[in-house]
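Chemist: First, the structure itself, so that you have it in front of you.
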């Protein structure tokens with residue numbers, strides 16, 4: 001074998017036996033007798049303080065990410081020019097435990113980021129069903145609610161500006177489970193954005209109502225889901241926006257359906273009941289509705305979310 005190169009010896013012949021250089025540092029002895037525990041080393045207090053500071057910085061970064069995600073949904077809503085300086089919070093992060101798993105399962109989990117729903121609506125035709133669903137959602141989740149006015153609207157009635165009640169007692173943003181922002185804007189129909197990056201805007205009161213009601217996690221079979229969708233479309237396009245002849249036909253169909261069950265579809269409240277009740281309020285024909293429809297309307301109004309919307313109509 002050919003010699004490539006020589007390595008000079010690292011020891012010095014001048015050093016006496018047992019002498020160690022003073023320029024090196026000592027390492028702990030890794031060899032110990034079997035069965036003996038490793039010696040406990042003291043943790044440097046400065047290292048502990050550094051780790052605690054790093055944990056705090058990470059928590060604040062997650063909170064800042066949450067605020068930025070919420071702002072991106074609102075700012076990327078077309079022409080959404082409102083004051084958002086009060087949204088960013090820098091309080092300490094504390095995990096939620098109340099019903100948080102449900103929303104994580106349905107909307108996807110993103111640690112540190114608050115889910116935000118942003119809706120544009122015209123104050124001349126307020127989407128009553130969305131206000132009812134907002135109240136229903138507030139009974140189940142901790143919701144950060146906000147109402148803003150777009151520059152395209154000159155004035156908004158005081159009752160619509162306070163349609164979510166007084167929001168003066170706001171908690172830090174991370175203590176909520178869902179953000180719900182309503183922007184009064186001059187738009188032809190309600191528009192909703194939930195995920196700016198992955199979801200196209202949802203348009204139409206009925207479609208938005210379907211999305212919001214899905215956050216309760218109801219599971220229907222194919223027949224029930226089809227009936228609910230059919231009633232939602234009928235309520236919007238025929239009862240609310242149709243001619244007087246179409247409204248009469250819808251009221252007769254509703255009267256027949258409500259003669260067989262307490263609600264429009266099955267024995268429980270569904271999004272079909274919410275949208276249909278609100279459509280009747282828009283048409284102003286609630287007082288002339290058939291007997292079964294009148295009884296059903298009273299059942300709706302006995303629920304707090306409906307009665308709160310009734311106050312906006314006065």
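In UniProt numbering, the protein residues as written are 1 to 314.
Here a beta-carbon is modelled for each residue, glycine too, at the ideal position from N, C-alpha and C.
1. Taking a contact to mean a Cβ-Cβ separation below 8 Å, would you say residue 277 touches residue 306 in this structure?
2. Between the Cα of residue 299 and the Cα atoms of 258, 279 and 285, which residue gives the shortest distance?
3. Please say whether residue 178 and residue 141 have beta carbons closer to each other than 8 Å?
4. Kindly indicate which three-state DSSP category residue 194 falls into: helix, strand or coil?
5. Look at the alpha carbon of residue 218 and the alpha carbon of residue 50, and state the distance between them as a whole number of angstroms.
6. Just mark residue 241 as buried or exposed, buried being the case when its beta carbon has 16 or more other beta carbons within 10 Å.
7. Buried or exposed: where does residue 48 fall if 16 or more other Cβ atoms within 10 Å of its Cβ makes it buried?
8. With C-beta atoms as the reference, is residue 208 less than 8 Å away from residue 119?
9. To the nearest angstrom, report how far apart residue 92 and residue 261 are at their CA atoms.
10. Who are residue 116's beta bridge partners in DSSP?
11. Do residue 250 and residue 238 have their beta-carbon atoms positioned less than 8 Å apart in this structure?
12. Taking the Cβ atom as the reference point for each residue, do residue 185 and residue 121 lie within a distance shorter than 8 Å?
13. Please report the distance separating the alpha-carbon of residue 310 from that of residue 304.
14. Compute the Euclidean distance between the alpha carbons of residue 215 and residue 124, then round it to the nearest angstrom.
15. Cα-Cα, which of 131, 244, 234 and 191 is closest to residue 203?
16. If you scan the UniProt domain "Glutathione S-transferase C-terminal" (243 to 302) from start to end, which runs of the alpha helix (DSSP H) of 4 or more residues do you find wholly inside it?
17. Select from 60, 145, 175 and 171 the residue whose C-alpha is nearest the C-alpha of residue 161.
18. Who are residue 149's beta bridge partners in DSSP?
19. Taking DSSP as the reference, what is the three-state secondary structure of residue 144?
20. Taking 8 Å as the CB-CB cut-off, is residue 260 touching chain B?
21. Would you kindly report the start and end of the unbroken alpha helix (DSSP H) that includes residue 211?
22. By alpha-carbon positions, which one of 165, 226, 288 and 231 ends up nearest to residue 248?
Modeler: A quick look at the data gives this:
1. Less than 8 Å divides the Cβ of residue 277 from the Cβ of residue 306.
2. 258
3. yes
4. coil
5. 47 Å
6. exposed
7. By the neighbour-count definition (other C-beta atoms within 10 Å, threshold 16), residue 48 is an exposed residue.
8. Yes.
9. Low per-residue confidence applies at residue 92: pLDDT is 34, beneath 50, and the placement is therefore not dependable enough to give any value.
10. 179
11. Result yes, Cβ atoms of residue 238 and residue 250 sit closer than 8 Å.
12. yes
13. Answer to the nearest angstrom: the Cα atoms are 10 Å apart.
14. 27 Å
15. Ranking 131, 244, 234 and 191 by Cα distance to residue 203 puts 191 first.
16. 244 to 258, 271 to 283 and 291 to 301
17. 145
18. 184
19. strand
20. Structure shown: chain B not included; a single protein chain is present.
21. 205 to 214
22. 288
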